[in-house]
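Residue 1090 in our numbering sits at position 12 of the sequence shown, with consecutive numbering throughout.
All C-beta atoms in this analysis are idealised placements derived from N, C-alpha and C, irrespective of residue type, glycine included.
Worksheet: the structure to be examined is printed underneath.
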Amino acid sequence: MATQNFEDIVDDFEFMDDWEDRYRYVIEMGKAMDPLDDAFRVDANKVHGCASQVWLQTYTDAGVFRFDGDSDALIVRGLIAVLRALYNDVPVDQVADVDAPAELARLGLNDHLSSQRSNGVRAMVERIRSVAAQA
């Protein structure tokens, strides 16, 4: 189960021939995100287990899950943008049904991220799922 925004990323990735282009695309997605307000850069929003500094501000709106995020690393900001495309606008009670590893594998990210970055993505996904389960 993936949102249309995520499917658009999958489609875009199919048109790119090499991973340098895909990395640039992910970084550009991160640059296009609005920065997270400093008021949300607090320990309660910090994702532990990431090599970079990462903050996720989650919320629900009429039963729909949403989050904003930020990082001090450009590629991680881009990965946050990818996760936003995957999870934003999903009904909160269906967030746990999203198979993030399988969806991200469609992009080939599993094979092209360092182990530290992969661990960071897993930590972000765990945080998203945990917050949604509590909502």
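query, result
"Based on Cα-Cα distance, which residue from 1113, 1132 and 1111 lies nearest to residue 1121?", "1132"
"Looking only at its own chain, which residues have a Cβ that is under 8 Å from the Cβ of residue 1126, when we skip the five neighbours before and after it?", "1201"
"What do you reckon, are the CB atoms on residue 1211 and residue 1180 nearer than 9 Å?", "no"
"Considering only the beta carbon of each residue, do residue 1191 and residue 1199 sit closer than 9 Å?", "yes"
"Using only alpha-carbon positions, find the residue among 1158, 1213, 1189 and 1142 that is nearest to residue 1168.", "1142"
"How big is the Cα-Cα spacing for residue 1205 and residue 1096?", "31 Å"
"Helix, strand or coil: how does DSSP classify residue 1171 here?", "helix"
"Taking residue 1147 and residue 1114 to be in contact with their CB atoms under 8 Å, please state how far apart those CB atoms are, rounded to whole angstroms.", "6 Å"
"Are there 16 or more other CB atoms within 10 angstroms of the CB of residue 1080, so buried, or fewer, so exposed?", "buried"
"Which of helix, strand or coil does DSSP assign to residue 1144?", "strand"
"Measure the CB-CB distance between residue 1182 and residue 1158 and report whether it falls below 9 Å.", "no"
"State yes or no: is the C-beta of residue 1102 within less than 9 Å of the C-beta of residue 1154?", "no"
"Measuring CB to CB, does residue 1138 end up less than 9 Å from residue 1160?", "no"
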